[in-house]
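S.K.:
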Amino acid sequence: MNQEYPKSSIILNGQTAVVTGGSSGIGAGIARALGEAGANVVVNYSSSREGAEEVVAGIRDQGGQAIAVQADVSSESDVEAMFRKTVETYGTVDILISNAGVQQDAAFTEMTLDEWNMVININLTGSFLCARAATREFLRRGMVPERSSALGKIIFVSSVHEIIPWSGRVNYASSKGGLMLFMKSIAQELGAEGIRVNSIAPGAIKTPINRETWDDPESKAELLKLIPRHRIGDPVDIAKAALWLASDESDYVHGTSLVVDGGMILYPGFISGG
Ligand code: NAD
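Taking my numbering as reference, the numbering of the sequence shown is continuous, increasing by one, and the terminal residue is 271.
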């Protein structure tokens, strides 16, 4: 969280990005990187107005354009209002970073329907609502070849848990597993329209969502055993990947999950031969 946001050669001047859950953690990191690259950034938040305003101020301090917009991504009317506000302010949307997500852990037999629904509604249904609104706007606006070779770019922030099962968190793993096939299905459906759709699947990244793991030395040591690269990731690691996926540098990358996890999905239990 304390890494600098490096100047990138990627330029997104004139493009507008909506970043959901942009008030903290990975979303804040991506919002800053997009702002640094010249995009107008809509920093979405659900409850943390101060967090979102801080990210907006950081982008403006660098000479960029940004606004904070409140919306619960699991609410259809909030999402529609957020996209209307974006179009009113910046004219259109070019990039969606669907990042908002939550965890609500419980043993399977103890998990309540509310705990199940909350995670599915925000992580999966929220991604559906935001991607649908972004796609409708891309199609309404039409191609602007001098801005991008794509009609629009959609990037979901998924998780290594779209691949790795996760005991005690079946709601979360199901939401991310569902997100993987949602992403691939709309990539199949929208590719011919010029809309590029991909995911980033982060491993363990130091953010508020997993503070109890990296804040506690014993848990941190256990976590590091699962990461061949032997460090916990930083939001900037994900921001760099998002910047690339949002740019024409990745023009032929479509319908894929870019895993950014320090090797977490490499079966680290086999490092010593299994
Ligand atoms: P975080 O808690 O800092 O960020 C989550 C963001 O989502 C917050 O800004 C929160 O306000 C927002 N949010 C929650 N509910 C919302 C709602 N209903 N509407 C709008 N926004 C809402 O944690 P993070 O680690 O930055 O998580 C960001 C994404 O990255 C999540 O989708 C998470 O599943 C994913 N992820 C994180 C890690 C990790 O190790 N940190 C690993 C894999 C995937």
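For every residue, glycine included, the Cβ atom is placed at its ideal position computed from N, Cα and C.
Everything numeric in this text was worked out from a predicted model, so none of it was measured.
Beta-carbon separation of N195 and T122 under 7 Å?
M.R.: It is not a contact, given that the beta carbons lie outside the stated cut-off.
S.K.: Would you say A68 and G32 are within 7 Å of each other, going by their C-beta atoms?
M.R.: Cβ distance not < 7 Å, so A68 and G32 don't count as in contact.
S.K.: Check whether the segment 104 to 114 touches the segment 145 to 160, counting contact only when three or more Cβ pairs, one atom from each stretch, lie closer than 8 Å.
M.R.: The segment 104 to 114, when compared against the segment 145 to 160, does not touch it at the 8 Å Cβ threshold.
S.K.: Once DSSP output is grouped into helix, strand and coil, what is the label at A147?
M.R.: Coil.
S.K.: Note down the Cα distance separating F267 from I229, rounded to an integer number of angstroms.
M.R.: F267 and I229: Cα-Cα distance of roughly 19 Å.
S.K.: Counting Cβ pairs closer than 8 Å, one from the segment 215 to 222 and one from the segment 120 to 140, do we hit at least three?
M.R.: At 8 Å Cβ cutoff, the stretches do not touch.
S.K.: Am I right that E134 and V70 are in contact with their C-beta atoms under 8 Å? What's the rounded C-beta distance?
M.R.: E134 to V70, Cβ: 16 Å. No contact.
S.K.: Just checking my contact of K150 with L242 at CB under 8 Å: how many whole Å lie between their CB atoms?
M.R.: Yes, they are in contact, since the Cβ atoms of K150 and L242 sit about 7 Å apart, within 8 Å.
S.K.: Considering only heavy atoms of the ligand NAD, does any lie closer than 6 Å to the CB of D69?
M.R.: Under cutoff, so the answer is yes.
S.K.: Going by DSSP, name the residue or residues bridged to V38.
M.R.: In DSSP, V38 forms a bridge with A14, A63.
S.K.: DSSP three-state call for S74: helix, strand or coil?
M.R.: In this structure, S74 counts as helix in the three-state DSSP scheme.
S.K.: Under three-state DSSP, which class holds L223?
M.R.: Three-state result, L223: coil.
S.K.: Once you ignore the five residues that flank R138 on each side, which residues in its own chain have a CB closer than 6 Å to its CB?
M.R.: Contacts found: T89.
S.K.: Once the 5 residues before and after T109 are set aside, which same chain residues still bring their CB inside 8 Å of it?
M.R.: Counting only Cβ-Cβ distances below 8 Å, and skipping sequence neighbours, we find A103.
S.K.: What separation, rounded to the nearest whole angstrom, lies between the Cα atoms of A201 and V76?
M.R.: Between A201 and V76, the C-alpha separation is close to 28 Å.
S.K.: When DSSP builds the beta bridges, which residues end up paired with F153?
M.R.: Looking at the DSSP assignment, F153 forms a beta bridge with S95, S196.
S.K.: Kindly give me the distance between the Cβ atoms of V38 and A49, rounded to whole angstroms, as I take these residues to be in contact under 8 Å.
M.R.: With a Cβ gap of about 10 Å, V38 and A49 do not count as contacting.
S.K.: Between I94 and I183, which are expected to be in contact by the criterion C-beta below 8 Å, what is the C-beta distance as a whole number of angstroms?
M.R.: Actually they do not touch by this definition, with Cβ atoms about 15 Å apart.
S.K.: Cβ of T210 versus every heavy atom of the ligand NAD: is any distance shorter than 6 Å?
M.R.: Result no, Cβ not under 6 Å from the ligand NAD.
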